[in-house]
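Protein chains: 4
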Amino acid sequence: METLGIDIGGTKIAGGICDEEGNIRCLQRVPTPEDAADINAIVADIYRRCKDEGDIKSIGISAAGNIASDRRTVSFAANLPAWNQYPLADAIEDLIGDGVKVVVENDANAAGWGEYRFGAGRDSRDMIMITVGTGVGGAIIVNGQLVRGAFGMAGEIGHVIMVPDGEACGCGLFGCAEQYASGSALERFAWSAARRQPNQSKHLLEACDYDRSKLIGPMVRDAAQEGDPTATEAFDRLGDWLGRLMADLSAVLDPDTFVIGGGVAEVGDMLLGPAATAFNRYLQASMYRQHASILPAKAGGEAGIIGAADLARID
Amino acid sequence: METLGIDIGGTKIAGGICDEEGNIRCLQRVPTPEDAADINAIVADIYRRCKDEGDIKSIGISAAGNIASDRRTVSFAANLPAWNQYPLADAIEDLIGDGVKVVVENDANAAGWGEYRFGAGRDSRDMIMITVGTGVGGAIIVNGQLVRGAFGMAGEIGHVIMVPDGEACGCGLFGCAEQYASGSALERFAWSAARRQPNQSKHLLEACDYDRSKLIGPMVRDAAQEGDPTATEAFDRLGDWLGRLMADLSAVLDPDTFVIGGGVAEVGDMLLGPAATAFNRYLQASMYRQHASILPAKAGGEAGIIGAADLARID
Amino acid sequence: METLGIDIGGTKIAGGICDEEGNIRCLQRVPTPEDAADINAIVADIYRRCKDEGDIKSIGISAAGNIASDRRTVSFAANLPAWNQYPLADAIEDLIGDGVKVVVENDANAAGWGEYRFGAGRDSRDMIMITVGTGVGGAIIVNGQLVRGAFGMAGEIGHVIMVPDGEACGCGLFGCAEQYASGSALERFAWSAARRQPNQSKHLLEACDYDRSKLIGPMVRDAAQEGDPTATEAFDRLGDWLGRLMADLSAVLDPDTFVIGGGVAEVGDMLLGPAATAFNRYLQASMYRQHASILPAKAGGEAGIIGAADLARID
Amino acid sequence: METLGIDIGGTKIAGGICDEEGNIRCLQRVPTPEDAADINAIVADIYRRCKDEGDIKSIGISAAGNIASDRRTVSFAANLPAWNQYPLADAIEDLIGDGVKVVVENDANAAGWGEYRFGAGRDSRDMIMITVGTGVGGAIIVNGQLVRGAFGMAGEIGHVIMVPDGEACGCGLFGCAEQYASGSALERFAWSAARRQPNQSKHLLEACDYDRSKLIGPMVRDAAQEGDPTATEAFDRLGDWLGRLMADLSAVLDPDTFVIGGGVAEVGDMLLGPAATAFNRYLQASMYRQHASILPAKAGGEAGIIGAADLARID
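Residue numbers (this note's numbering), protein chains in the order written: chain G, 41 to 355; chain B, 41 to 355; chain E, 41 to 355; chain C, 41 to 355.
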């Protein structure tokens, strides 16, 4: 059975027809407008362009927001105020007609499911995906099922508190994982190290023009690859916290696989190496148990599309 | 269908025939011997005494240890060295014969399942049981299924690290939840407060004869009930950490219900009150989401028997 | 003996003739120029205007920077790059001539000494002044002597690390006292609380136009005085950390008096109340020892002038 | 001028005549009795045996306890209940007669002063001694003067709180330096590491017979010297916390020298190496300032005798 998968992201909306193997046909990409109705119109338009190419019975939508347990309503979306208690599936179904059913998933969950079904987690049964981007996202699969939580909020692993009274988080709490295991954390670690050892950090400091507000993750990556010790230290530190987070999650869920995705994780071993060391260091009874595999994500930027499409198919 | 549920605890082995409503008949209690073979013999003996009272096709065993994912082998039991990689189900099936099937569950999981099916979690679908005893145990139900983890180690929530470089844990890590949200933590909090304010803590200090090694949880409970401010402070502090742990778990799993059991939790609101306050305080987006219920355990000391029996029935 | 005291601040240079009772005559105020030579010229000009009013043998300068142990050279000034290893006393003495001797002191030390000699610490012998402004400054008096440290860096109490891996500090370390007991911390605490409980924080949120970058300390003060519970909570939290810092300093130095100054401390009991509670809570052996007094600063904005003038007199 | 120095320790009382170069003659050693009067008698007896060997005008006593600011009264001694508000100097002067004056100093202060005057701190002016024994002791010299504090409690650096909600301290607080930078901490670190990696820790585990209560510091030292990686890790961790403590103290006092004494510090570089690394890592503005020297103690077990004797001379 084929379904349409559509990923509504902050900058672009992308979607296409997905088959049961995770292949995409008829892929479309459109910049994301600011208005909810305009977004719906684009989704409907993608549907119209694709519908003659396959037999589409349902549409899976990946959306950046908290999704109610009906899988139809967006409860809250930090970046799109109009999506406050917004009946997204109803709105799109009304617009499209045709009896096509719409299912909405949280974007992290959709991408995690895409990795689980068609990517790095393909051989897994109990998988946790951690997305290391500007923030920290998560998706949890237990016994082959996506865990959405009783109220649709499961997988918000970026808000596990790792350091009591630690770094202030945008959510109003202090010490959230998101402040220690994210790309923002990488920038903070790098800047702090550079500030203390400017002579060893010239590559990085020149790249950002000695201006904290211009320092971005890719500069840290480049500096580390050039051998800048403060940048390397920043990745070590980031990996350490990522490993601690995985150890905490293993205490709770004992998965067989962690899949690490997100832009920051593209550096590969520079992050996953220290993360694995720390995972081993902070895992309870690490000598006496089997360890989860720690794998880089594989499905790439289209994981959300194929994950949403697949979730629309199976449910 | 009826099954036999047997709970092999550190001091006693208890079991009986359980029906599908969580009722027990023919309940037996025997002190726990030290030898593995003697334990098996007692289990077989309980079976023999009960078998004419019902139509027992399978036996569910609740055992204090890590259980392999085959649900037949004990990987490791801290208090019974002979149970290292021990094929408990095989041994008991061989001894009993009759074609009766044996299923082994971790004791926290069995008790959590008992609460989920027949106790405080009866109306729940996504439930976490937290057992506040000497240590901190956990059982996790997601979407109506017990989460055992890929390697049988899920639910070890006592080893989520809450304070980096915090109190040393028996497991060799530092700052585990078990050191902050357990009965041992209660004793430590109470002693510390009493040491700093002995004049306000006479009740407690006299109860333990001014000797740290004699101070036990029930003394703190009694002192708090008598109005000793340092004992009350100890419960407040314990509740605070319990609430933080629940907030962390909600970030990961977003359950609809927490069931709080274990000997320390029998004080009720003295613990659950401050725990609820802290849960609210440390829960991400607490103003914008539905909150899990926090309920005291109800199935009591037999939760493990009825939980193990039920798990043997349904799988 | 009379001396001239001059406080070179970030926005204005102020100075006048100080007698041995801490009285100022002939007070001058001039905006601070950006250039080092222009600053020197202003100091010389203040001297010329005052010299006929008294018999000035020496000038004490309070300067915002690290002062070398010769008390003549500015090693480093964060806000005035030209003052890097700058021989400030030499430059001013050359400009003035007349055989007048110039002595340079760190601004926090000068203000602390002013409080010690003529303000809240007048009856003290072992005093610590804590300045709660944008950052946290300190001045330490032991046995009636100002403690400058072997290399002129004593009293940097804002960089005691209070939370390992805590909030990133501008200095490149993590978890410095400056991030927990300062006006910046107050803003962060208030914003975090408001973000989690916007309905209880309308006064504050409206004051800053719901914009974090517009939120400043006086808004938190006003909101707290209007009864906004999140603003009150922010002051409680700030006071708690200030009390902890005092407890740490008492473990090291056991002073008889803490004097709390800086703009944030002008709220008085709203800050000093919770600070005293926490001091008592975190002070080692608090039941068995005499406690330092905790007093609000009294000498006001001219503490630096009279302190610098007095230090120039006695040495 | 010669004075008698006497160190009243937990297991022995030792004393002799000290000259102005820190040399001891007529050294006596006697086991410490349990009774206060018996202790006084021994001190008087040491005086009688020494008095013909020199011209003794005063006696300096080093005592393990909190000494009131009169330097005559023991306020509190954890290990000798009879010394609660005990007028030690009066009692000894009455017993001896002869017009000999007695001065009492806290033992850590006496030993620190001994190091300052005749040992590793001889070239220093601003020195901090840190004693790493079962606990953590301190002595502070500022500008050539011993800092006793307003109420005689200065130098209790073991109770600076380094980890909020950290390891419970015997004093009733949590996270004190004493729990992270002491010999007890070394044992805890070593046991925790061994527990997690028993295969790499055989030397240590065999030495203590796999029994936590038998594990003592010298076993960790021996194991580290044999190359046991968990023992080495324990020293690294201890050194890390010691370095952090020194960085905190430098922020407050900016000394020119740290002298590290106590039984644990006898391992030398195994502790001082990682301590220096961490000091550099956690010192504010470490690139832009002069650093204190970190030196091993030199005056040995008699530092308390010569320090107490010297303090009796100069005051």
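Positions of the beta carbon are idealized from the N, C-alpha and C atoms, including for glycine. Being a predicted model, the structure only gives us computed values, none of them experimental.
For Ser-224/E, which residues of its own chain have a beta-carbon under 8 Å away from its beta-carbon, when the five flanking residues on both sides are left out? Thr-174, Gly-175 and Glu-218
Using beta-carbon positions only, say whether Tyr-7/G and Val-142/G come within less than 7 Å of one another. For chain G, the structure presents residues 41 to 355; residue 7/G sits outside this window and is missing.
Have a look at Gly-198/E and Val-304/G and give me their C-alpha separation to the nearest angstrom. 33 Å
Do Ile-82/B and Ile-53/B have their C-beta atoms within less than 7 Å of each other? yes
Measuring only the C-alpha atoms, how far is Glu-342/G from Ile-132/G? 21 Å
Can you name the residues of chain B whose CB is closer than 8 Å to the CB of Asp-380/E? Residue numbering for chain E in the displayed model covers 41 to 355; residue 380/E lies beyond these limits and cannot be assessed.
Please go through the region 254 to 322 of chain B and give each complete beta strand (DSSP E) segment of 3 or more residues, from N-terminal end onward. 297 to 301
Our contact map puts Gly-347/G next to Arg-157/G with C-beta atoms below 8 Å; I'd like the distance itself, whole angstroms only. 7 Å
Any idea which residues DSSP pairs Asn-106/C with across the strands? Phe-116/C
Identify the continuous alpha helix (DSSP H) that holds Glu-227/E and give its terminal residues. 223 to 236
Can you give the Cα-Cα distance for Arg-353/E and Glu-60/E, rounded to whole angstroms? 9 Å
Taking only beta-carbon atoms, is Gln-330/E less than 7 Å away from chain C? yes
Cα-Cα, which of Gly-178/C, Asp-294/C and Thr-43/C is closest to Leu-67/C? Thr-43/C
Are the C-beta of Leu-278/G and some C-beta of chain B separated by less than 7 Å? no
Quick one: residues in its chain with C-beta nearer than 8 Å to the C-beta of Glu-93/E, no 5 flanking neighbours on either side, listed in chain order? Ile-57, Arg-65 and Cys-66
Looking only at its own chain, which residues have a Cβ that is under 8 Å from the Cβ of Asp-75/C, when we skip the five neighbours before and after it? Ala-122
Could you tell me if Pro-295/C is buried or exposed, where buried requires 16 or more neighbouring beta carbons within 10 angstroms of its beta carbon? buried
Would you check if the region 179 to 195 of chain E and the region 277 to 293 of chain C touch, i.e. whether three or more CB-CB distances between them fall below 8 Å? yes
Which value, in whole angstroms, describes the spacing of the CA atoms of Phe-319/C and Gly-206/E? 18 Å
Measuring straight from C-alpha to C-alpha, what distance separates Glu-266/C and Cys-248/C? 15 Å
Sequence-distant residues of the same chain with beta carbon closer than 8 Å to Leu-226/C, five excluded per side: Gly-257, Val-260, Ala-274, Phe-275, Leu-278 and Val-304
What are the residues in the region 130 to 145 of chain E lying within 7 Å of chain G by C-beta distance? none
I'd like to know whether the C-beta of Leu-293/G is nearer than 7 Å to at least one C-beta of chain B. yes
In the DSSP assignment, the beta strand (DSSP E) including Arg-69/B goes from what residue to what residue? 64 to 71
Give the residues of chain E in contact with Phe-319/G, contact being defined as C-beta atoms less than 8 Å apart. The premise fails here: Phe-319/G is roughly 18 Å from chain E at the closest Cβ pair, so nothing lies under 8 Å.
Under three-state DSSP, which class holds Cys-58/G? strand
Cα-Cα separation, Gly-340/B to Ala-179/B: 15 Å
What does the Cβ neighbour count give for Glu-366/B, buried or exposed, with the cut at 16 atoms within 10 Å? An answer regarding residue 366/B cannot be provided, because it is not within the stretch 41 to 355 covered by chain B.
Please confirm if Asp-147/B has its CB atom under 7 Å from at least one CB of chain C. no
Between which two residues does the beta strand (DSSP E) harbouring Asn-146/B extend? 141 to 146
Skipping 5 residues on each side, what residues in its chain have a beta carbon closer than 6 Å to that of Gly-177/C? Ala-148 and Thr-171
Identify the contact partners of Arg-228/C in chain B, using a Cβ-Cβ distance below 8 Å as the criterion. Ala-208
Any idea which residues DSSP pairs Ser-383/E with across the strands? Residue coverage of chain E in this structure runs from 41 to 355, which leaves residue 383/E outside it and unanswerable.
C-alpha distance - Leu-128/B paired with Ile-168/B, whole-angstrom precision: 27 Å
Residues in its own chain within less than 7 Å of Val-70/C by CB, not counting five upstream and five downstream? Lys-52, Ile-53 and Ile-82
Output, in chain order, the set of chain G residues within a Cβ distance shorter than 7 Å of Ser-326/C. Arg-236
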